[in-house]
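Here is the structure we will look at.
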Amino acid sequence: MSGRSDRLIRLSDDARILSEQECETLAKRVFALASGPGETYVSILSWWNGELRWARNRTSLAGDRRDIRVDIARDVGVGRAVATTNQLDDVSLESAVRAAERAAVLSPNVRHPKPLHPPLPKPDRPKTAIWSDATYAVTPEVRGETARSLIEAAEAKGMSSAGYLEMRAGSRAVLSSERMGSTPAPWDVPYAAWTQAQCSMTVRDKEGSGSGWAGVSNHDWAKIDASALASRALEKCIASQHPVALEPGRYTVILEPQAVAEMIAILETSMGRYSREFAAEQGMGPWALAPDDVLHLWRTKLGLKVLDERITISHDPTDPMLGIFPEPWMEPLTWFDKGVLTNLPFVRSYALEKLNVNSARRPLTGYRMSGGPTSIDEMISTTTRGLLVSRLSNIRMLDETSLLSTGLTRDGLWLIEHGKISKAVKNLRFTESPLFALNSVEQLGEPVPVFRPAKNPYESERPLTPAIVPPIKSRDFSFTSTIDAI
Amino acid sequence: MHLNRRLFLKAGAAMAAIATVPRPLYAQFDGAPEPLPPIEDPRLATLAARALDSAKSAGASYADVRLSHTSTRRFDERSAGDSEDMEVGVRALVEGYWGFASGPVWSPDEMARLGKEAVHQARTNALGKPRVAALAPAPIVQNGNWVMPVKLDPFEVSPFEIQDQLKSLSILAERIPSGLLLRNDVFAQVQEKAFASTIGSYCTQRAYLTEGHLTLQIDLSSKHRSNVVTNLECVSPAGMGWELYAADSIPRVRNLSLHDELLMRADEARADGMLPMKALEVGRFDTVFDAPSVANIVDGTLGHATELDRALGYEANADGTSYLSDPAAMLGAYQAGAPLLTLVANRSEPGGAATTKWDDEGIVPDDFTIVKNGLLVDFQTTRESAGWLKDAYAKKGAPVRSHGCANAPSAIHAPMEHIPNLSIAPGRETGDFDALVAGIADGVAIKRASIDVDFQEGTGLGFGGVFEVKKGKRVARYQSAGFLFRSTDLWKSLLSISGDAQMQRIGFSAQKGEPQQTCYHSVTAAPAVVQGLTIIDPQRKA
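Read top to bottom, the protein sequences are chains Z and A.
Per the numbering used here, the very first residue in the first sequence carries number 469; after that it's consecutive.
Per the numbering used here, the very first residue in the second sequence carries number 47; after that it's consecutive.
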């Protein structure tokens, strides 16, 4: 084999992720290795993580990790399969291409007669804010300094701090052998690089009788006020100490933005991404209406009001706070418009089959939820009796149609009586549906960024998942039992 | 050329051979890159030593390095795919602080860089705050080598055969009236690892992990869209090869061939589905759990609660802490369950998903007891964490040693404490699940329970197939029923456990850490009876 390169991956310090040129060269090398006709499709992902974890007021581990993932898809006519490698020398790449070709025999292409598709829309790829030099430039020294100041705040008050700081950079390109040098198709992924920063901490007292948490994620480290997070976590820890047991029942709740985001996450998973009638076809899901036995159709709630009219959940990819990794379909999108369900995600194959449209609708990867004029303090002062919830945890969906779910409050729960916080309360298990909670809204506050990092550095489709969410006050939220955990 | 399957079948062995040819990767030892040798090759030891030398000269008091080479294959009925990677990670200890650096390149330059970087990471966090990391002793491993014994290497079995097996399961399911496999896929992994540490240890290992998903749906009534869905836990993750599917029987996993097991489970699901539905009467009932339920409850409560790093607050910002909140005081003193309950841990059982010869710190894991006759007697430990209990161990007259629980998915991750294989001691009851049910005059039986515990594992909500038991027989099923429990109360209410013949091993995955890691382990348990369990409707709002 002539032209064999002996070059292994070189991920040096100033080149912690692959560049556009490197990805293009790599793709060309892969395409040249294909034996026989058929499309070769290669996804090249690289990532770097700078990490610092601490617990009990001391760093427990600091690390620098980086890796590459190359997924090579070969379509050999009868079938199409993917083989993955993380080595970039010629022999490894060739082996991966062969492996994909062999596996393609076991992965038959379903042959459909090629129908006449409507024309493809021109992919609209607006500039999105997903790269921050500030994040990329953070050194281990800066991480260490930051962690020390965050820990000091808690340690000075005799508390125990645990937390995690992470800066990540990644790059991805998905290129086809049939379109090198020509206009990419909407589902190709021209090279893009992103960064993600996250900072979160939990402050607990030494007896374990109180716990406070604060965290935020953003592609831009410069937008994260770590010391403000540390202050908040500490305040909540102190205020949450020695909670008393409270009778479960229905309460007016003030959900802080993080808790609201956790409720929205339940909605998100129910929206699927295959078809807007996906849930309906399965006979379940909150967005399906009962089948029409006369017309033999499943209809959806698109166009119907499903949430409080003050709630709009939308996404403008050019919003500097809401940058997501470029997808093929990047138009500004609204899923809930003043409470009305206006969009459900779907994939292109569904659209071609059912809607005669050659495009797709992306899911709630990043979103902004509308808010209102009421601050959390004002919400408290206008509550006769209720609970202030910091965040929710361990959420499990119980029923797919109503989205009834159960989960736990965590890191700060307070009883409000006569417009004031009266006491810290032991954590409760809730059994409630986000649809119910978002239909029983009394007041909304100012939307703020929440903690919603993509955890997995190998995550290629959704490496950034930002959200801006308001606090809400909601009636008759159902808590069904007390739990012991603090 | 039109490729068709028959051509490949005719080519048969030759094709299968090509399909299973290992894919050569490249590593660099000195000079130009060379094909990756087997993990026992001494040149890998040289590479590893380079990383350690670099860490030591940069100032590490201790350092270790792992090189891992992982191959995976996945199959479902309609597709196949595989992946392969090489990773290397170096850990360094500097003035009591850990640093870690990892990446995908095996070359001398990269080993040197990682060694230096790991020390750099440790140093930037050791500034000004003294910390002592006393590592429990580690016997020096002199060039050890181990290969996990498997009957059928999944990378030597023809991929056609594997896919055929999946297809045959699907066809079988469809022959069952109103039967359908909702999920039918398998994943196999082989990982070769080399470990070296500055105390002079070096060992290499090859371990397998095979995991399948078999979910069977039986439509009971298409008019009312009522169906039962059941998962076959006999293909849950195991330290085994393709015999997980192909063997005629596997002790403690299944007594039948996989096909017969599927048919048996279908009959069981249908019989259970035919029981009349009943409205739940909330209350406290004596409850019989089947073996998978007990395994799930063990895993979710004691399994996680006895991770020592978790109990001491090292996971507080992630998954949470533990209701065993004061390990040093509780060791030997806390009544974690009824005297009937003994919980042991190991990383040695054949087929266990956490089974290994040396852990990720070069320690040979021992079989150890976590709960003895209801009393909490130990925690899951690594070299560093074992030292945190040294006073408690001294009181017991026990040595301070790591139990070998250090693990990581691959060398790109820093090793941390992960749950080992767990097993409850079998009881004295000779009968199976139905026999235990026969001993209940008025109560409840629960099959395939799963639980949601709080972030200290202390209280929880359970779900599963819940049946009413009257006069020793399951007479009805509850549509929406679950159970509420406090972990210690539940284990203290244990009335009886079935014997050795009823023990069943299930594989679990567990996630922890920041950044998050997923490792696997097995839990072996038998059916059991619990007194006065609180049965509720989990879907009832306040």
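Where is the CB? At the ideal position from N, CA and C, for every residue including glycine.
Taking 7 Å as the upper bound on Cβ-Cβ separation, chain Z lies near residues D498, D500, F501, Q502, G504, T505 and L507 of the segment 482 to 507 of chain A.
Collapsing the DSSP output to three states places P79 (chain A) in a strand.
Closer than 7 Å at the C-beta level to chain Z, one finds these residues of the segment 440 to 472 of chain A: I458 and A460.
Judged by beta-carbon spacing, P813 (chain Z) lies beyond the 8 Å limit of M731 (chain Z), meaning their Cβ atoms are not closer than that value. Boundaries of the alpha helix (DSSP H) harbouring M376 (chain A): P373 to M376, taken from the DSSP string.
In the three-state reduction of the DSSP assignment, P658 (chain Z) falls in the strand class.
Contact of K587 (chain A) with chain Z is assigned, a C-beta pair being separated by under 8 Å. Between the segment 504 to 511 of chain Z and the segment 537 to 547 of chain Z there are three or more C-beta pairs closer than 8 Å, enough to call the two in contact. With contact defined as three or more Cβ pairs closer than 8 Å, the segment 864 to 876 of chain Z and the segment 680 to 695 of chain Z are not in contact. For the segment 159 to 170 of chain A, the set of positions with a beta-carbon nearer than 7 Å to some beta-carbon of chain Z reads E163, H166, Q167, A168 and T170 in chain order. Contact check for S542 (chain A) against G506 (chain A) fails: the beta carbons are separated by 8 Å or more.
Here the segment 134 to 141 of chain A lies against the segment 448 to 464 of chain A, with 3 or more beta-carbon pairs under 8 Å apart.
Against chain A, a Cβ distance below 7 Å from V550 (chain Z) picks out G127. Counted as a single uninterrupted DSSP element, the alpha helix (DSSP H) harbouring Q211 (chain A) occupies residues P205 to R221. The beta-carbon separation of T116 (chain A) and P200 (chain A), rounded to 13 Å, does not stay under the 8 Å limit for a contact. Annotation: the continuous alpha helix (DSSP H) that includes D601 (chain Z) extends over D601 to A605.
Residue pairing of P917 (chain Z) in beta bridges, as defined by DSSP: Z:I936. By the 16-neighbour rule on beta-carbons within 10 angstroms, P205 (chain A) is buried. Using a Cβ-Cβ cut-off of 8 Å, M132 (chain A) counts as an interface residue toward chain Z, since at least one Cβ of chain Z sits closer than that to its own. Looking at the DSSP output, M865 (chain Z) shares a beta bridge with Z:S873. A straight-line Cα-Cα distance of about 16 Å links D867 (chain Z) and G511 (chain A). The residue among Z:V510, Z:A483 and Z:I485 with its C-alpha nearest the C-alpha of L494 (chain Z) is Z:V510. Per DSSP, N273 (chain A) is one residue of the beta strand (DSSP E) stretching across S272 to N277. Excluding the 5 residues flanking it on each side, S539 (chain A) has same chain C-beta neighbours closer than 8 Å at A384, V576, Q577, G578 and L579, in chain order. Here the C-alpha atom of R534 (chain Z) lies approximately 30 Å from the C-alpha atom of P411 (chain A).
Its chain contains E123 as the residues whose beta carbon lies nearer than 7 Å to that of K213 (chain A), once the 5 sequence neighbours on both sides are disregarded; these appear in chain order. Bridge pairing for S946 (chain Z): Z:R718 [DSSP].
Residues of chain Z with a Cβ closer than 9 Å to the Cβ of S148 (chain A) are, in chain order, G531, D532, R533, R534 and D535.
Around the C-beta of V498 (chain Z), 16 or more other C-beta atoms lie within 10 Å, and the residue is accordingly described as buried. Chain order gives no chain Z residues near L198 (chain A), where near means a beta carbon separation below 9 Å; the closest approach is about 18 Å.
The Cβ-Cβ distance between A168 (chain A) and L139 (chain A) falls below 8 Å.
In summary, D500 (chain A) is buried, with 16 or more beta-carbon neighbours lying within 10 Å of its beta-carbon over all protein chains present.
Scanning chain Z for C-beta atoms nearer than 8 Å to the C-beta of Y291 (chain A) yields nothing, as the closest lies near 16 Å away. DSSP places W797 (chain Z) in the coil class of the three-state scheme, outside both helix and strand. Of Z:P931, Z:P800 and Z:A727, the smallest CA-CA separation from R878 (chain Z) is found for Z:A727. The DSSP-derived three-state label of P396 (chain A) is coil.
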